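Trainee: Numbering (the numbering used here), first residue to last: 11 to 353.
Note that the Cβ used here is the ideal one computed from N, Cα and C, for glycine as well.
Source: prediction; values computed, not measured.
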DNA sequence: GATCCGTGGCG
DNA sequence: TCGCCAAGGAT
């Protein structure tokens with residue numbers, strides 16, 4: 011059974027693999043480990059379509075892990091702005107510097123797992139795809155495909171050990187990297203969360219969910235908690251055609267990112283409403299944004315006084331270049347709102 | 001194990 | 001409109 015599944019899947023992959031910028035061209039040897047690692051980190055909880063432009067920008071700016079290691083962290087954070095989960099960018103820089111210092115990527119799953127930002131999934135994926143190691147690669151696609159293939163009906167995340175054990179039985183000794191990518195292509199194109207194109211699937215004859223009932227019922231997942239709604243305020247403080255930006259603390263939400271000053275709102279509670287500068291303020295409108303665990307309704311207050319002098323750390327950023335500041339999406343929305351109302 | 005951490009697309 | 005979802009990791 012195991013040989014049958016992987017053989018069928020690899021044969022399908024050989025004719026149906028997606029052409030993606032981090033994959034080696036057909037017939038080429040293994041892909042560049044730097045590009046594999048970078049793409050895998052970007053792809054954590056992030057769709058292929060969202061990653062591609064960021065991947066192209068990063069590899070054009072920093073063509074090697076050495077170039078990335080030498081980059082100012084601030085530049086990398088700004089380049090990551092809009093992609094989300096910003097701890098990935100901080101760990102990306104840390105990891106690049108460790109690798110540069112070590113003279114290259116480690117090639118085993120266990121050594122890769124020690125690097126910042128590489129968990130069980132990414133370490134296995136890089137070991138298999140970039141270095142040809144046999145590694146059991148389990149991501150959300152594999153969880154879904156394997157849950158259906160083996161009719162694993164226990165709900166996630168409790169079923170993860172069983173899913174991993176089942177994946178182990180079908181992972182081939184050779185081409186484990188192609189096998190992993192084939193599972194992900196299958197999960198992205200045929201065996202998706204809301205659809206199952208079983209008539210096109212190379213594994214339909216082996217699929218227990220298909221023979222036993224409706225594949226769309228799997229995997230079963232625990233229900234998620236409702237997201238709270240928060241309110242807060244961001245402050246637009248301008249002087250000499252420059253706007254005051256702060257750098258958020260290195261850990262926590264939007265950690266290490268440039269931002270507009272705000273009133274301390276968070277996932278846990280609303281903002282206190284107090285401005286960082288005295289003087290007159292006018293309402294600049296409201297933006298709404300959804301984070302993973304809460305929604306925020308953010309009022310934008312625009313300073314209406316003369317030559318404000320903010321307290322604390324920050325920098326004056328040219329208003330005309332605000333799109334280059336590397337603001338995360340919520341603050342980018344707020345900035346666009348202010349500038350749009352001005353016209 | 002549970003929680004925190006972004007964003008955009010989809011039905 | 002809205003809940004779900006995506007090549008997860010760190011704590």
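1. Is it buried or exposed for residue 210, if we count other Cβ within 10 angstroms and need 16 for buried?
2. Answer yes or no: the CB of residue 204 versus the heavy atoms of the ligand ADP, is any distance below 6 Å?
3. Check residue 211 in the structure and name its three-state DSSP category.
4. Taking the alpha-carbon positions, what's the residue 223 to residue 177 distance?
5. Our contact map puts residue 267 next to residue 258 with C-beta atoms below 8 Å; I'd like the distance itself, whole angstroms only.
6. Keeping to the same chain, check which residues put their C-beta closer than 7 Å to that of residue 142; ignore five residues upstream and five downstream.
7. Could you check whether residue 348 and residue 246 sit closer than 7 Å to each other, using their CB atoms as the reference points?
8. Pick out the complete alpha helix (DSSP H) segments inside the stretch 100-136, 4 residues or longer, and give them in chain order.
9. Buried or exposed, going by whether 16 or more other CB atoms sit within 10 Å of the CB of residue 242?
10. Reducing DSSP to helix, strand and coil, say where residue 354 ends up.
11. Which residue marks the beginning of the beta strand (DSSP E) containing residue 251, and which one marks its end?
12. Excluding sequence positions up to five away, which residues of its chain have a Cβ less than 7 Å from the Cβ of residue 248?
13. What do you get for residue 11, buried or exposed, if any count of 16 or more other CB atoms within 10 angstroms of its CB means buried?
Mentor: Considering the structure as presented:
1. exposed
2. Among the components modelled here there is no ligand, and therefore nothing to report on the ligand ADP.
3. coil
4. 21 Å
5. 5 Å
6. 40 and 187
7. yes
8. 119-123
9. buried
10. This structure leaves residue 354 out entirely; the chain is present only between 11 and 353.
11. Element bounds for residue 251: n/a, residue is neither H nor E.
12. 313 and 329
13. Because the pLDDT at residue 11 is just 48, under 50, the model does not fix this residue reliably, and the value given afterwards should be weighed accordingly. So residue 11 counts as exposed.
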